[in-house]
Amino acid sequence: MIAGSIDGKIMVRRCLVTFKPFRIFVVGVGFFSLCFLMTSLGGQFSAKRLGDSPFTIRTEVLGGVESRGVLRKISDMLEVILKRMDMLSKLDNSSTSDARRLDELSSAINRFQPAGLVERIQAIAQNVSNMAIRVEQMLQSSMMQGRVMRDGTVSQCEVPRDSRFPECPGKVDWMRARWTSDPCYAFYGVDGSDCSFLIYLSEVEWFCPPLPWRNHTSTPTQHIQQTKSPKRQAAFRTDLSVLLDQVGGGKESLSFMKRRIRRLAQQWATAANRLGAKLGQRWRDQKKILIHVGFLTEESGDVFSPKVLKGGPLGEMVQWADILTALHVLGHNLKISMSVKELQGCHIRVIDTFGTEPAYNHEEYATLHGYRTNWGYWNLNARQYMTMFPHTPDNSFMGFVSEELNETEKRSIQQNKVNNMAVVYGKEASMWKLQQGKDSFLEILHKYMEVHGTVYYETQRPPEVPAFVKNHGLLPQHELQQLLRKAKLFIGFGFPYEGPAPLEAIANGCIFLQPKFQPPHSSLNHEFFRGKPTSREVFSQHPYAKEYIGRPYVMTVDYNNSLEFDSAVKEIMRTKVEPYLPYEYTCEGMLERLHAYIQNQDFCVPDSPFIPANFSRRGSASGSRVIRPLFVPLPNSTALGWASNVTAPTAWPPLSSLRLLVSQEGQSCVEACQSAGFICEPAHFRFVNNKEALRGLEVQCEVVDSEINHILPAFSVMRRECSLQREPLLFSCAGQSPKYRRLCPCRDFLQGQVALCRDCL
3 MIAGSIDGKI
13 MVRRCLVTFK
23 PFRIFVVGVG
33 FFSLCFLMTS
43 LGGQFSAKRL
53 GDSPFTIRTE
63 VLGGVESRGV
73 LRKISDMLEV
83 ILKRMDMLSK
93 LDNSSTSDAR
103 RLDELSSAIN
113 RFQPAGLVER
123 IQAIAQNVSN
133 MAIRVEQMLQ
143 SSMMQGRVMR
153 DGTVSQCEVP
163 RDSRFPECPG
173 KVDWMRARWT
183 SDPCYAFYGV
193 DGSDCSFLIY
203 LSEVEWFCPP
213 LPWRNHTSTP
223 TQHIQQTKSP
233 KRQAAFRTDL
243 SVLLDQVGGG
253 KESLSFMKRR
263 IRRLAQQWAT
273 AANRLGAKLG
283 QRWRDQKKIL
293 IHVGFLTEES
303 GDVFSPKVLK
313 GGPLGEMVQW
323 ADILTALHVL
333 GHNLKISMSV
343 KELQGCHIRV
353 IDTFGTEPAY
363 NHEEYATLHG
373 YRTNWGYWNL
383 NARQYMTMFP
393 HTPDNSFMGF
403 VSEELNETEK
413 RSIQQNKVNN
423 MAVVYGKEAS
433 MWKLQQGKDS
443 FLEILHKYME
453 VHGTVYYETQ
463 RPPEVPAFVK
473 NHGLLPQHEL
483 QQLLRKAKLF
493 IGFGFPYEGP
503 APLEAIANGC
513 IFLQPKFQPP
523 HSSLNHEFFR
533 GKPTSREVFS
543 QHPYAKEYIG
553 RPYVMTVDYN
563 NSLEFDSAVK
573 EIMRTKVEPY
583 LPYEYTCEGM
593 LERLHAYIQN
603 QDFCVPDSPF
613 IPANFSRRGS
623 ASGSRVIRPL
633 FVPLPNSTAL
643 GWASNVTAPT
653 AWPPLSSLRL
663 LVSQEGQSCV
673 EACQSAGFIC
683 EPAHFRFVNN
693 KEALRGLEVQ
703 CEVVDSEINH
713 ILPAFSVMRR
723 ECSLQREPLL
733 FSCAGQSPKY
743 RRLCPCRDFL
753 QGQVALCRDC
763 L
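Residue numbers (our numbering): 3 to 763.
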């Protein structure tokens, strides 16, 4: 924790490491902390599709990679079981029978030998699954007894009903359900009893009143921090010299980031002035932010620095340079960390390139239902993961910036474009290795255009690059910009996925041509996505470019279809485009988005369930009761909105942006919202996870229950069964099931700024 920092925030990057990814926990959740980690390109464990059993394996691959994957799944589940058994061992009031069963389970686990016969794997798996259920039942039973019997203090630990502490009962309920989710609570003496909950909530935090029988010589931790840390106002900065000194040197990666910061300095200054004028005199809290650039740490092996001058991936350093600059320009108090030793405990936000879906984020659910990978499972609010592109609404979109051209530069580009010049997206020779069909489309391109490359090589031309390609070698950023300003076409090979280069090319007046993936790439069929904590299907190399920019700037075709590819190249040569950059990737757009997150997102207090009040009132004449609905139809729309005559709870995004829809069977809320022109908003799930929403949508339910499942809230039309979500961490825009229609909380969005609703600023 950052001492004495109510506004303490942390940014960290989850890096490519050989050991188990470290955990960072909060030491008192009363202060708003900001922490970023970035997922690197790694990922080795096999991922399953949503709904698959964690032990689903195919007989034809027993003994191979899949069977090893099953053993890893068993190992993960055993880890959960052992954790729960450790909790049981700390409960001193376990019954004799429970103790005996605990010994039996321990003995059984110790007998497991992963190197046993492969044909016994599935039987072992079933035993492990049964064992997990038994341990969980024992734990719940023992905790219940502990709340009643522990130390004879039950009468002293009744949950108080005090108007000065209205949130206390709800916080106790939350602790009862989730106290095992974070070792931090055990560190402060929380053991599953109501007494320990009340002690924690009154002495470590401030949600409950002090207990009369406790020694109150010290003030609650968070209260001390509040009194010692008065709020300060953030002011925009245009001088980047302090930031450049903070970044330091000694590594080529840091030098690259500093060159980028200097090159875009004037654009950041201009953007700050624009945003300042837009926000007027609005107060902005200055935050203390620790930024842990994990991929440059010695603990991670600093695998990026040696590759900077050899064509290695630069997208992470581009994004990190922009994050650092944006936070500095917004006026926040930054500390840059490049050592894990400085991370002692705090809430975090995670820079996560490809996204983390809730089913993979919830540790026990992921382990027991087949979503456990070597990333994810951190039990965070899914919005704490922040992505490079807005492809996963469950997460927050962080982004980066591309260089913005002035009108003079745009006119110069249009005058100097070479109509038959193409630049290939691929700095590493491995990207040029000819695969099936790749050589033929390059030959077609060569018929019409002069093909240029920027492939790194040391002593001679890389053998993978065809002789007709004019290779410039790896270019400094400003020279690459000049090359793109001349070229008409920027063409992708299908890899890397979702990098910054296509946006830079389009911003410099190029048309981006990319391959269509049939079938779509995912963790099911492509090694690159295996182990990523997402089941997203990727239909092209750069989905954002296709979906949010599109023609005429972006063309997506089947490279294996020679006629289609040939036709696309001819069309590109006939098409004239101006340089184009989406607002959300300008300096102003990123500043605006990050400002909104920092001032409005608060993950320190868990989202409490929204329980609708009795929405009825007496008629003035007859005295009869008139139903006042929570959700009402919107004009010219199939969606429902929040009723204007019902007081909206405080929320961000505000409930004025809510658009409630129902999906089709097998359709995710991402798809349902997109089809109606909206964005799925996970923050709104808690407001539609109730019977009022079902009633507003006129859903016929014979049964309404609550369960733990990432597709809920949802209902079955055939069975007339409705299910609400019991675990807030599993609210998921991405979840889908062929048997259920989902309740989808969508929202509107600003043109050019998909991360923000119309009333979000």
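Beta carbons are placed, not taken as given, at the ideal position from N, Cα and C, and that holds for glycine. What you are looking at is a predicted structure, and each value in this text was computed from that prediction instead of being measured.
- The continuous beta strand (DSSP E) containing histidine 454 extends over residues 452-455.
- When secondary structure is reduced to three states using DSSP, arginine 722 falls in the coil class, being assigned neither helix nor strand.
- For glycine 278, the three-state secondary structure derived from DSSP is helix.
- In the DSSP assignment, lysine 572 falls within the unbroken alpha helix (DSSP H) covering 564-576.
- Between glutamine 603 and aspartate 287, the CB-CB gap reaches or exceeds 8 Å.
- Going by DSSP, lysine 290 is part of the beta strand (DSSP E) stretching over 290-294.
- Non-local C-beta neighbours of lysine 337 in its own chain, meaning closer than 6 Å and more than five positions away in sequence, comprise Leu292, ordered along the chain.
- Across the structure, proline 715 and alanine 650 are spaced so that their CA atoms are roughly 21 Å apart.
- The C-beta distance from alanine 570 to leucine 515 rounds to 6 Å, short enough to fall under 8 Å.
- Around the beta carbon of aspartate 750, a 10 Å sphere encloses 16 or more other beta carbons of the protein chains shown; the residue is thus reported as buried.
- Leucine 382 and proline 608 have their C-alpha atoms some 10 Å from each other.
- Secondary structure at glycine 496: coil, using DSSP grouped into helix, strand and coil.
- For serine 198, the uninterrupted alpha helix (DSSP H) run begins and ends at 196-201, by DSSP.
- The criterion of a C-beta distance shorter than 8 Å is satisfied by proline 360 and serine 734.
- Beta-bridge partners of phenylalanine 633 (DSSP): Trp644.
- With contact defined as three or more Cβ pairs closer than 8 Å, the segment 324-339 and the segment 589-599 are in contact.
- Sequence-distant Cβ neighbours of glutamate 500 in its own chain, meaning closer than 6 Å and more than five residues away, are Phe391 and His544.
- Bounds of the beta strand (DSSP E) holding aspartate 707 are 705-709.
- If you check the CB distance, isoleucine 446 and phenylalanine 567 come in under 8 Å.
- About 6 Å separates the beta carbon of leucine 482 from that of threonine 456, a gap short enough to meet the 8 Å contact definition.
- Per DSSP, histidine 393 is not a residue of any beta strand (DSSP E), being assigned neither H nor E.
- For the pair alanine 509 and serine 404, the CB atoms are nearer than the 8 Å cut-off.
- Here the C-alpha atom of glutamate 318 lies approximately 45 Å from the C-alpha atom of glycine 698.
- Considered as a whole, the segment 467-554 harbours 491-494, 513-523 and 540-542 as its complete beta strand (DSSP E) runs of no fewer than 3 residues, in chain order.
- In the DSSP assignment, serine 339 forms a beta bridge with His294.
- Residue pairing of methionine 557 in beta bridges, as defined by DSSP: Leu515.
- Listed as beta-bridge partners of methionine 319 by DSSP are no residues whatsoever.
- Leucine 203 has its alpha-carbon roughly 40 Å from the corresponding atom of lysine 280.
- If you draw a 10 Å sphere on the C-beta of valine 705, you find fewer than 16 other C-beta atoms in it, and that means exposed.
- Judged by their CB atoms, glutamine 386 and arginine 351 are nearer to each other than the 8 Å cut-off.
- Counting only the Cα atoms, aspartate 247 lies some 23 Å from asparagine 275.
- Around the CB of asparagine 691, 16 or more other CB atoms lie within 10 Å, so the residue is classed as buried.
- Taking C-alpha positions only, glycine 737 is separated from phenylalanine 633 by approximately 23 Å.
- If you draw a straight line from the Cα of cysteine 746 to the Cα of threonine 375, it comes to about 27 Å.
- Per DSSP, the beta-bridge partners of isoleucine 681 are Arg749.
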